[in-house]
Amino acid sequence: MTTLITKQVPSQFLQTLIAENATGRLMVHNPMDELVTWQVYLGKGKINFANSGVGSIQRVQYLLGNYLNKNKISLPPQITDDYKYICELWKKEVFSFQQTRSILTQFTQEALVQFLALPSAECSFNQDDSLKDLFLNLDLDKTIQSVEHKIRYWGELHPHISSPFQRPLVENWQEIKAMLNLSHRRSEQWCEQLLDGLKNLSCLYELARKTNSSALELALFLHPQIKSGEIKMLAYQELSVDNYNLPVVISVNNRPSVQEVVRQTLGQRGFKVVCIDDPCHALAAAISHNPQLILIDAEMPEISGYELCRLLRKSSAVRETPIILLNQNDGVMEQIQGRLAKASGQINKQFLSQQLLQVRKDYLNSPPALCL
């Protein structure tokens, strides 16, 4: 039996279920980012576990990465269920029973902080959902006693930062670099690692792991720049490993008709075409899919294709990837702008299909040289 409730305060709803000695899974959707969910598993009013419904590998790396590295344990490419993954390590005797309990408690506390910081959200409770291999039977009040200050901080951040899964997109690199230069309490290495992570569009969990910080510490550090607009927080997007062996072409374009031509022309010739209509997601898609070619519309309303090309070239992930600009005109000015943006070439949208075939021949069969 599943009960759907809208606009509930998660902390109050959880307390109600605990008072009723409920058993099942309570899921809460982040109202500011519908892809992000948090889950609490209950057993007769006690907490058996809490986690996120997405991004398991980011949380495992963040919460457990140092231990795994120290003990030379390699993470799999994907983790769909962090509870199951940790239990498997226990079964393989990587962790003792007590270590497993401690790790699962840590994961639960961190998830509860995010869960309880939500002001209101859509909640669903499923009585049929339960866990195998139970390790925990926690009292809510005792479990959150040591993290109540974190719940309060995240609650205050929520108008601007909805979860540690968000990816900071720097709008003003000069301001960010100036801020870091004035951060005397931060080491030069820490600042360099943060900048590198920001350039690669890492989420807060990934940035925290990279800089050996907490996600909350980073959120508080970046909050003034987020509030002032120097940094824009992107909604969560899963960066999954592509299971197909087809070479990938990414097309960044807000026109469905153009995307369809690209998809048909290159898709029928053995390429996987990933269509992106929001240029803000271009770098994340490039990091995820490792494309052989990126096509960018030069005339998008949100950002110029030339500017997007310049931004992509700053990332080590796509510095050598061929980038082709799609233009309405291919005159001298457009060619100069393309070279300044470090594009590999340009094609005219009026002859898109036949020019895509030439691009395939020129850039996908042999490594291209960048226009410098």
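In short: position in the sequence shown from 1, add 10, done, that's the working numbering.
All C-beta atoms in this analysis are idealised placements derived from N, C-alpha and C, irrespective of residue type, glycine included.
The structure displayed is predicted, hence computed values, not measured ones.
Query: Is Ala379 buried or exposed, if buried means 16 or more other CB atoms sit within 10 Å of its CB?; Result: Since pLDDT at Ala379 reaches only 38, below the 50 mark, its modelled position is unreliable, and the value read off the structure follows with that caveat. Result: exposed.
Query: Since His39 is in the beta strand (DSSP E), which residue starts that stretch and which ends it?; Result: 34 to 39
Query: Going straight from the alpha carbon of Glu344 to that of Arg329, what length do you get?; Result: 21 Å
Query: Counting pairs of Cβ atoms below 8 Å between the segment 198 to 215 and the segment 130 to 145, do you hit three or more?; Result: no
Query: Would you kindly check if the distance between the Cβ of Ile113 and the Cβ of Ile96 is under 7 Å?; Result: yes
Query: List the residues that DSSP assigns as beta-bridge partners of Gln49.; Result: Met37, Asn61
Query: Under 7 Å between the Cβ atoms of Glu132 and His39?; Result: yes
Query: Figure out for me which residue from Pro41, Gln49, Ser21, Asp43 has the closest Cα to the Cα of Gly34.; Result: Gln49
Query: Do Gly348 and Gln360 have their C-beta atoms closer together than 7 Å?; Result: no
Query: Which of the three DSSP states is assigned to Ser66 in this structure?; Result: helix
Query: By Cβ distance below 8 Å, which residues in the same chain neighbour Glu216 in space, the five residues on each side in sequence not counted?; Result: Gln68, Gln71, Tyr72, Gly207
Query: Pull up the distance between the alpha-carbon of Cys319 and that of Ile306, whole angstroms please.; Result: 8 Å
Query: If you scan the segment 339 to 370 from start to end, which runs of the beta strand (DSSP E) of 3 or more residues do you find wholly inside it?; Result: 355 to 358
Query: Quick check for students: name the residue ranges of the beta strand (DSSP E) that lie wholly in the segment 237 to 312, counting only runs of 3 or more.; Result: 241 to 244, 258 to 262, 282 to 286, 303 to 307
Query: Phe135 lies in the beta strand (DSSP E); which residues open and close that run?; Result: 131 to 136
Query: What distance in whole Å lies between the Cβ atoms of Ser173 and Gln124, which are believed to be in contact at a cut-off of 8 Å?; Result: 6 Å
Query: Around the C-beta of Ile346, are 16 or more other C-beta atoms found within 10 angstroms, so that it is buried, or is it exposed?; Result: exposed
Query: By a C-beta neighbour count over all protein chains shown, 10 Å radius and 16 as the cutoff for buried, is Arg195 buried or exposed?; Result: exposed
Query: Terminal residues of the continuous alpha helix (DSSP H) containing Asn191?; Result: 183 to 191
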